[in-house]
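**Q**
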Ligand code: URA
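Residue numbers (UniProt numbering): 1 to 218.
1) According to DSSP, is residue 124 helix, strand or coil?
2) Counting only the same chain and skipping the five closest in sequence on each side, list residues whose C-beta sits under 7 Å from that of residue 36.
3) Taking 6 Å as the limit between beta carbons, can you name the residues of its chain near residue 211, skipping five residues before and five after?
4) Can you list, in chain order, the residues of its chain whose CB lies under 8 Å from that of residue 53, leaving out five sequence neighbours each side?
5) Is any non-hydrogen atom of the ligand URA found closer than 6 Å to the C-beta of residue 35, if you look at the structure I gave you?
6) For residue 20, which residues from the same chain have a beta carbon less than 6 Å from its beta carbon, with the 5 sequence-adjacent residues on both sides left out?
7) Put residue 203 into one of helix, strand or coil per three-state DSSP.
8) What residue does the alpha helix (DSSP H) around residue 157 start on, and which one ends it?
9) So residue 185 and residue 175 are supposed to be a Cβ contact under 8 Å. How far apart are they, rounded?
10) If I'm right that residue 157 touches residue 112 with Cβ under 8 Å, what's the distance once you round it to whole angstroms?
11) Just mark residue 69 as buried or exposed, buried being the case when its beta carbon has 16 or more other beta carbons within 10 Å.
12) What's the gap between the Cα of residue 90 and the Cα of residue 33?
13) Under a Cβ-count criterion, where at least 16 other Cβ atoms within 10 Å of its own Cβ denotes burial, should residue 92 be classed as buried or exposed?
14) For residue 48, does the count of other Cβ atoms within 10 angstroms reach 16, so buried, or fall short, so exposed?
15) Given residue 192, which residues of its chain have a CB within under 6 Å of its CB, disregarding the five upstream and five downstream residues?
16) With DSSP as the reference, identify every bridge partner of residue 56, one or two as the case may be.
17) Distance, Cα to Cα, residue 95 vs residue 62?
18) Between which two residues does the beta strand (DSSP E) carrying residue 179 extend?
19) Can you pull the DSSP bridge partners for residue 183?
20) Ignore the nearest five residues each way along the sequence and tell me which others in residue 151's own chain have a CB closer than 6 Å to its CB.
21) Considering only heavy atoms of the ligand URA, does any lie closer than 6 Å to the CB of residue 98?
22) Could I get the ranges of all uninterrupted beta strand (DSSP E) runs contained in the region 42-98, with 3 residues as the minimum, in chain order?
23) Could you give the distance in angstroms between the alpha-carbon of residue 72 and the alpha-carbon of residue 170?
Written out as structure tokens, the structure reads:
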């Protein structure tokens with residue numbers, strides 16, 4: 001498979017020089033950390049079982065960039081994985097470690113940008129470049145029915161990856177739209193900032209997942 005059609009970047013992916021350099025600096029500082037593009041988290045039943053894809057923003061510095069698994073090791077993961085378990089989309093116990101044995105059920109989790117960005121803020125060119133991997137990630141799931149995007153950046157990049165127009169498919173919390181044959185759900189990002197400021201409550205987040213779980217059963 002050529003680099004352009006691979007759903008996973010190389011460990012030393014050079015496509016975004018700023019992110020490559022940032023990770024290189026953290027490899028020096030914290031050699032025990034993962035410090036590389038974070039791969040998509042898959043269920044044990046494999047990609048054919050995936051009906052729902054969750055798209056986050058980018059790895060957190062001390063979260064996924066440290067542990068190597070999306071949303072693992074920072075606050076956003078506590079809320080996300082707790083909610084997934086509650087709705088039957090994951091099983092086991094989430095202990096914020098990649099070896100905690102937590103298993104996804106019919107669900108995969110990826111990020112719009114695979115490398116940790118400084119200040120948690122990828123720039124437009126990085127988001128566009130990393131769509132090189134988001135597109136084949138979406139395409140690899142033959143039985144995909146729904147995508148949940150967390151936050152407006154993930155939403156917009158996913159709309160573009162599906163061949164849609166952002167102006168026609170705007171982000172809104174609780175949104176449900178059709179794009180490229182997929183039902184696209186959207187939520188505010190489950191970051192600590194959003195929950196601390198009341199932008200997103202646990203109830204709002206759980207309600208999005210209840211709607212998705214019901215959709216997947218229909
Ligand atoms: N961790 C991730 O992997 N993605 C996010 O968007 C936030 C935290």
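In this text, a Cβ means the ideal position worked out from N, Cα and C, and glycines have one as well.
**A** The relevant details are as follows:
1) Indexing the chain shown from 1 puts residue 124 at position 124. In the structure shown, residue 124 sits in a helix (DSSP, three-state: H, G or I).
2) Within the chain shown, numbered from 1, the residue matching residue 36 stands at position 36. Exclusion of the five residues before and after residue 36 leaves 11, 23 as the residues of its chain whose Cβ lies within less than 7 Å of its Cβ.
3) Numbered from its first residue, the chain shown carries residue 211 at position 211. Beyond the five residues adjoining it in sequence on each side, residue 211 comes within less than 6 Å, by CB distance, of no other residue in the same chain.
4) For the purposes of this step, residue 53 is taken as residue 53 along the chain shown, with counting starting at 1. The beta carbon of residue 53 sits closer than 8 Å to the beta carbons of 107, 108, 109, 110, 137, 138, 141, 144, 146, 147, 148 from its chain, once the five residues preceding and following it are set aside; these are given in chain order.
5) Reading the chain shown from its first residue, position 35 is the one you call residue 35. Answer for residue 35: no, Cβ out of range of the ligand URA.
6) As a first step, residue 20 must be located in the chain shown, where it is residue number 20. Cβ neighbours of residue 20 within its own chain (closer than 6 Å, five residues either side excluded): 14.
7) Counted from its first residue, the chain shown places residue 203 at position 203. Per DSSP, reduced to three states, the secondary structure at residue 203 is helical.
8) To locate residue 157, count along the chain shown from 1; it is residue 157. For residue 157, the uninterrupted alpha helix (DSSP H) run begins and ends at 152-161, by DSSP.
9) Here the question's residue 185 lines up with position 185 in the chain shown. Here the question's residue 175 lines up with position 175 in the chain shown. That pair is a contact at about 7 Å.
10) As a first step, residue 157 is located in the chain shown; it is residue number 157 there, counting from the start. As a first step, residue 112 is located in the chain shown; it is residue number 112 there, counting from the start. Residue 157 to residue 112, Cβ: 4 Å. Contact.
11) Taking the chain shown and counting its residues from 1, the one referred to as residue 69 is at position 69. With 16 or more Cβ atoms within 10 Å of its Cβ, residue 69 is classed as buried.
12) Working through the chain shown from its first residue, we reach residue 90 at position 90. Working through the chain shown from its first residue, we reach residue 33 at position 33. Distance between the alpha carbons of residue 90 and residue 33: 25 Å.
13) On the chain shown, position 92 is the one that residue 92 refers to. Under this definition residue 92 is an exposed residue.
14) For the purposes of this step, residue 48 is identified with residue 48 of the chain shown, where counting begins at 1. Residue 48 is classed as exposed because its beta carbon has fewer than 16 other beta carbons within 10 Å across all chains shown.
15) If you number the chain shown from 1, residue 192 lands on position 192. Cβ within range, chain order: 75.
16) One-based indexing of the chain shown puts residue 56 at position 56. Residue 56 has 111 as its beta-bridge partners, per DSSP.
17) As a working mapping, residue 95 is identified with position 95 in the chain shown. As a working mapping, residue 62 is identified with position 62 in the chain shown. Each residue's alpha carbon lies about 15 Å from the other.
18) Here residue 179 is taken as the residue at index 179 of the chain shown, counted from 1. Looking at the DSSP string, the run of the beta strand (DSSP E) that includes residue 179 is 175-179.
19) Here the question's residue 183 lines up with position 183 in the chain shown. Per DSSP, 146, 178.
20) For the purposes of this step, residue 151 is taken as residue 151 along the chain shown, with counting starting at 1. Cβ neighbours of residue 151 beyond the five flanking positions: 57, 189.
21) Position 98 of the chain shown, counting from 1, holds the residue named residue 98. At a threshold of 6 Å, residue 98 does not count as near the ligand URA, since its beta carbon sits no closer than that to any of the ligand's heavy atoms.
22) Counting only runs of 3 or more, we get 52-56.
23) Translated into the one-based positions of the chain shown, residue 72 becomes position 72. Translated into the one-based positions of the chain shown, residue 170 becomes position 170. Taking the straight line joining both Cα atoms gives about 28 Å.
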